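Have a look at the structure below before the remarks.
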Ligand code: SF4
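Residue numbers (this note's numbering): 18 to 405.
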């Protein structure tokens, strides 16, 4: 707005329209004078959000979207009822930071929006406040899994996204825009419906740190989603974790470390990034984080049959988790198969034995529900697969 000779507060009006009312056309922003709308349109300004180019629906209700960002697409996943990934990490606990389970969710805090027009956004294909799915009165609980990059450079051996390599970083608008497109599609009532965001889609958020954090702030300030309901997962980018530890706790998402192995030898084999920052370096960085009351660090652990699911591995992981000295929990994920990836799924017995071992060691451990496996929407499966 300043660029076009208007006062900056006009930008706040646009932010309100785009991020709260999900308007996709400048002509629909009725808080702006008609003459200004006409001027913006004449000068080729656009507002809106990335469009959903393709939708894949799982038998379990999970939806995977190919979301258009410029000439490419990224993947975003909607998991109704979530995948239990947030269990035990304070999101569902009571207290001043989070409302208790069953309690009304507090409306989002009103703050001055910090809007900027973001390039690369496309006008959405779903009109404001429309839904193909359900009426506005149905209370929803869901998790949205968001991508931070197109492809990924980290090259975890068990992950289909790694096969794409890194194509480019997403802008803050493209990261937040994925969320707005999905909110609009499902007509989510922000502040009423119980919505969790996980930055665990395609890409390593801490290798696109500035845009990821700008997106998290935008989603907080302008969309009204609380950072306490957002979780970012990193493969262990130590400088990123150290930067994240400097963020004020009240404005940052929760942290999940994608650990996936009990020791450096196995971790380097399945996550080559470990040769740059080993487990000890990651844990040292994690210890710098100042947690909110009742917040816990999450350690994600993908169980690869015969590789990372031995009972002895559970004991090693428990020792590592204790070494952080921080309140922590473990999320176990039974590996989701993908074409061309040479691993085996763990047996249900080994998964249960693994979980029980943590319980015995006094560490909370939760099994993430595999959501959307049949449509390549589950963890590690995001590779823009288009066959159904
Ligand atoms: S698991 Fe995450 S960090 Fe590793 S290659 Fe896949 S997308 Fe990248």
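The beta-carbon is built from N, C-alpha and C at its ideal position, and this holds for glycine as well. None of these values were measured; they are calculated from a predicted model.
Report yes if the C-beta of residue i is less than 7 Å from at least one heavy atom of the ligand SF4; otherwise report no.
i, result
"residue 171", "yes"
"residue 342", "no"
"residue 89", "no"
"residue 178", "yes"
"residue 252", "yes"
"residue 78", "no"
"residue 275", "yes"
"residue 221", "yes"
Based on Cα-Cα distance, which residue from the options lies nearest to residue i?
i, options, result
"residue 277", "80, 226, 335", "335"
"residue 168", "175, 235, 183", "183"
"residue 163", "172, 212, 43, 382", "212"
"residue 166", "176, 95, 192", "192"
"residue 244", "252, 271, 254", "271"
"residue 294", "67, 171, 24", "171"
"residue 227", "207, 256, 214", "256"
"residue 38", "161, 374, 158, 197", "197"
"residue 384", "351, 52, 355", "351"
"residue 77", "83, 92, 91, 96", "96"
"residue 332", "382, 82, 157", "382"
"residue 361", "377, 386, 326, 322", "322"
"residue 279", "268, 269, 291", "291"
"residue 216", "258, 161, 70, 89", "161"
"residue 320", "90, 79, 348, 80", "348"
"residue 89", "79, 80, 70, 98", "70"
"residue 209", "155, 181, 248, 185", "155"
"residue 91", "187, 325, 273", "187"
Taking 7 Å as the line, does the beta carbon of residue i fall inside it for any heavy atom of the ligand GTP?
i, result
"residue 198", "What this structure holds is the ligand SF4, not the ligand GTP."
Using C-beta distances below 6 Å, list every residue in its chain close to residue i, excluding the 5 sequence neighbours before and after it, in chain order.
i, result
"residue 36", "239, 240"
"residue 266", "307, 309"
"residue 344", "313"
"residue 232", "189, 192, 193"
"residue 229", "165, 222"
"residue 23", "none"
Given a threshold of 16 other Cβ atoms within 10 Å of its Cβ, counted over all protein chains shown, does residue i qualify as buried or as exposed?
i, result
"residue 26", "exposed"
"residue 275", "buried"
"residue 342", "exposed"
"residue 55", "exposed"
"residue 339", "exposed"
"residue 204", "buried"
"residue 66", "buried"
"residue 195", "buried"
"residue 379", "exposed"
"residue 250", "buried"
"residue 363", "buried"
"residue 326", "buried"
Check whether the Cβ of residue i lies closer than 8 Å to any Cβ atom in chain D.
i, result
"residue 326", "Of the protein chains in the structure, only one exists, and it is not chain D."
Using a Cβ-Cβ cutoff of less than 7 Å, which residues in the same chain neighbour residue i once the five nearest sequence positions on both sides are dropped?
i, result
"residue 370", "328"
"residue 358", "175, 177"
"residue 263", "none"
"residue 260", "226"
"residue 268", "234, 237, 244"
Looking only at its chain, what residues have a beta carbon closer than 8 Å to the beta carbon of residue i, apart from the 5 residues adjacent to it on each side?
i, result
"residue 21", "56, 57, 60, 62"
"residue 242", "125, 196, 207, 212, 214, 236"
"residue 284", "276, 277, 278, 291, 295, 296"
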